[in-house]
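Have a look at the structure below before the remarks.
Number of protein chains: 2
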Amino acid sequence: MSRSSSTYHHGDLRAACLRAARELLEEDGSAGLSLRAVARRAGVSATAPYRHYADREALVSAVAAEGYRELATHLTQAHPAPSTPDELAAVAVAYVRFALEHPALFRAMFAEPCDPTSEERVAATAAISEYVRTIVAATFPDVDADALSTTVWALVHGLAFLHLDGKLDSSTPEIVAAQVTSAVHALFNAAPAMSGTAAGAQRGV
Amino acid sequence: MSRSSSTYHHGDLRAACLRAARELLEEDGSAGLSLRAVARRAGVSATAPYRHYADREALVSAVAAEGYRELATHLTQAHPAPSTPDELAAVAVAYVRFALEHPALFRAMFAEPCDPTSEERVAATAAISEYVRTIVAATFPDVDADALSTTVWALVHGLAFLHLDGKLDSSTPEIVAAQVTSAVHALFNAAPAMSGTAAGAQRGV
DNA sequence: CCTAAGATGTATACATCGTTCACATCAGGG
DNA sequence: CCCTGATGTGAACGATGTATACATCTTAGG
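Written out as structure tokens, the structure reads:
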């Protein structure tokens with residue numbers, strides 16, 4: 563891997579494509595993420611990316627998987643190991659904030675049915691799902707963790723999308739945080755009643 | 563509008579395009595919805611649709627608006643005027659069922675930031691939003707209707723997306739219904755506590 | 001050290017797509 | 001009756017995803 567004089571070989575085209583795709587997504591939205599644009603930005607011919615990604619969807623899946631991982635670290639940064647309703651609410655706020663800070667990425671992560679052939683992608687989403695379940699179980703040990711974590715995730719996920727679609731007031735981060743906190747706490751008020759409900763319908767991913 | 567012998571003029575291309583677009587969406591997903599395919603299916607030249615829709619996005623917006631209206635009637639069919647938590651839960655189940663029965667349409671409705679230039683589209687979404695607010699207010703008269711309706715909508719919307727993404731068990735309608743019902747009731751258990759909360763952060767659309 | 005094979009990038013080509021523009025055809029009101 | 005506006009046609013342009021054949025580099029094994 564010596565950085566030889568030749569510019570024929572890129573060095574790490576795979577990573578360069580991922581970065582370029584990510585940038586294009588944030589700059590021009592999903593429509594701007596074309597394989598050719600990625601190749602141009604990486605300074606490479608139009609077909610070069612095919613050596614590293616089977617097709618456009620594979621690249622998008624890779625970007626989405628990266629997004630999941632970033633979301634996970636973003637959440638743990640909000641609080642490493644939440645164990646109280648307030649700490650859990652802080653994580654929820656971080657989730658919605660991530661969506662608002664990376665709207666195109668967040669949409670790419672959920673725009674299409676998760677391609678099951680991208681094991682990188684399913685692994686990343688499973689990690690998120692498991693993480694949510696774990697911290698909910700830590701906060702409400704006496705409750706059906708599967709049921710509550712699904713409900714919490716759905717609530718927060720729905721809030722994120724409604725904010726993205728402009729259905730709610732997202733003018734300042736404080737307003738968003740207050741809104742998410744209030745909604746999540748409303749659910750938590752009912753959480754103790756959820757122990758052993760008939761909500762066995764949920765299933766972890 | 564006499565059905566003259568000539569086939570030159572279609573008669574109602576606008577509606578035909580809408581129908582063709584809708585069919586293509588359900589058959590081949592969002593990727594299959596191309597203007598040219600719509601024109602082909604309507605039996606018309608590739609550029610004819612431009613007489614009725616400014617561009618592809620305008621057509622998609624029209625399809626989305628139709629989807630909102632169908633969703634609204636689907637909800638009212640579940641229950642015309644819900645006023646108890648159980649009736650409200652039935653409407654929630656109908657919401658998620660609609661998403662699962664028309665996945666591509668549902669995604670088209672929420673895939674992109676709602677184009678504010680399509681007044682048909684914003685009107686249709688505002689109608690849904692208002693409807694949710696109204697039935698929540700009818701069921702919980704003593705509660706901050708804006709706050710609770712936003713929270714309920716977010717929960718149900720999130721459940722719909724998690725089901726669409728295969729994150730939850732959607733194997734049978736009964737399982738889905740049980741899951742949605744349980745989640746919604748959990749929230750309702752806390753609803754009485756929401757009167758006059760600090761959740762003035764919400765705003766109707 | 002040399003060489004052959006695999007990995008990586010290039011060039012070319014094709015079908016499709018969105019969109020524009022000039023033109024053809026039809027319908028209805030002066 | 002014909003002229004004007006609405007509607008549909010056709011050819012054309014640039015961009016895109018992708019397949020194929022070819023070029024170049026890296027590196028493992030003799």
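Sequence order for the protein chains is A and B.
Start counting the first sequence at 563; every next residue gets the next number (this note's numbering).
Start counting the second sequence at 563; every next residue gets the next number (this note's numbering).
By construction, the Cβ of each residue, glycine as well, lies at the ideal position given by its N, Cα and C atoms.
Values in this document were obtained by computation on a predicted structure and should not be read as measured data.
Any Cβ of chain B within less than 9 Å of the Cβ of residue i?
i	result
A/Arg598	no
A/Leu717	yes
A/Arg669	yes
A/Ser691	yes
A/Gln639	no
A/Pro647	no
A/Ala652	no
A/Pro665	yes
A/Thr713	yes
Starting from residue i, find everything on chain B with Cβ-Cβ shorter than 7 Å and list it in chain order.
i	result
A/Gly728	Pro675, Cys676
Note down, in chain order, every chain B residue with its Cβ under 8 Å from the Cβ of residue i.
i	result
A/Thr696	What A/Thr696 touches in chain B: nothing, since even the nearest Cβ is about 16 Å away.
May I ask you to report which of helix, strand or coil DSSP gives residue i?
i	result
A/Ala673	coil
B/Arg765	At B/Arg765 the pLDDT is 44, less than 50, meaning the model places this residue with poor confidence; the figure from the coordinates comes in the next sentence. Coil.
A/Val746	helix
B/Gly728	coil
A/Val705	coil
B/Ala722	helix
A/Ala752	helix
B/Gly623	It is worth fixing the name first, because residue 623 of chain B is Ser in this sequence and not Gly. B/Ser623 falls in the helix class under three-state DSSP.
A/Asp590	helix
B/Asp648	helix
A/Leu637	helix
B/Pro642	coil
A/Pro665	helix
B/Pro678	coil
When the cut-off is 9 Å and only beta carbons count, does residue i lie next to chain A?
i	result
B/Phe702	no
B/Leu710	yes
B/Phe536	With chain B covering 563 to 767 only, the question about residue 536 of chain B has no answer from this structure.
B/Leu749	yes
B/Ala699	no
B/Arg687	Inspection of the sequence shows that residue 687 of chain B is occupied by Thr rather than by Arg. Closer than 9 Å: yes.
Can you pull the chain B neighbours of residue i, defined as C-beta to C-beta under 9 Å?
i	result
A/Phe723	Phe672, Ala716, His719, Gly720, Phe723
A/Gly679	First, the amino acid is wrong: residue 679 of chain A is Thr here, not Gly. Chain B residues near A/Thr679: none, gap ~13 Å exceeds 9 Å.
A/Ala752	His747, Ala748, Leu749, Phe750, Asn751, Ala752, Ala753, Ala755
Please report how far the alpha carbon of residue i lies from the alpha carbon of residue j, in whole angstroms.
i	j	result
B/His614	B/Arg603	16 Å
B/Tyr657	A/Ala643	34 Å
A/Val738	A/Gly573	43 Å
B/His571	B/Leu667	29 Å
A/Ala685	A/Asp648	28 Å
A/Arg584	B/His664	30 Å
A/Ala624	B/Leu587	25 Å
A/Leu575	A/Thr569	12 Å
B/Thr635	A/Ala689	38 Å
A/Gln639	B/Glu681	40 Å
B/Asp708	B/Arg695	6 Å
A/Thr734	B/Ser645	34 Å
B/His641	B/Phe750	18 Å
B/Gly605	B/Pro611	11 Å
A/Leu637	A/Leu597	30 Å
A/Asp675	A/Tyr693	The sequence shown places Pro at residue 675 of chain A, rather than the Asp named in the question. Rounded to the nearest angstrom, the two C-alpha atoms are 21 Å apart.
B/Val542	B/Ala577	The structure shown does not extend to residue 542 of chain B, since chain B is modelled only from 563 through 767, so no value can be given for it.
B/Ile697	A/Phe702	31 Å
A/Pro678	A/Asp731	35 Å
A/Gly720	B/Thr713	9 Å
B/Leu726	B/Gln741	14 Å
A/Ala652	A/Ala745	12 Å
A/Leu595	A/Val622	8 Å
The region 608–628 of chain B: positions lying closer than 9 Å to chain A by Cβ: none
Chain B contacts from the region 731–750 of chain A (Cβ-Cβ distance under 7 Å): Asp731, Ile737, Ala740, Gln741, Ser744, Ala745, Ala748, Leu749
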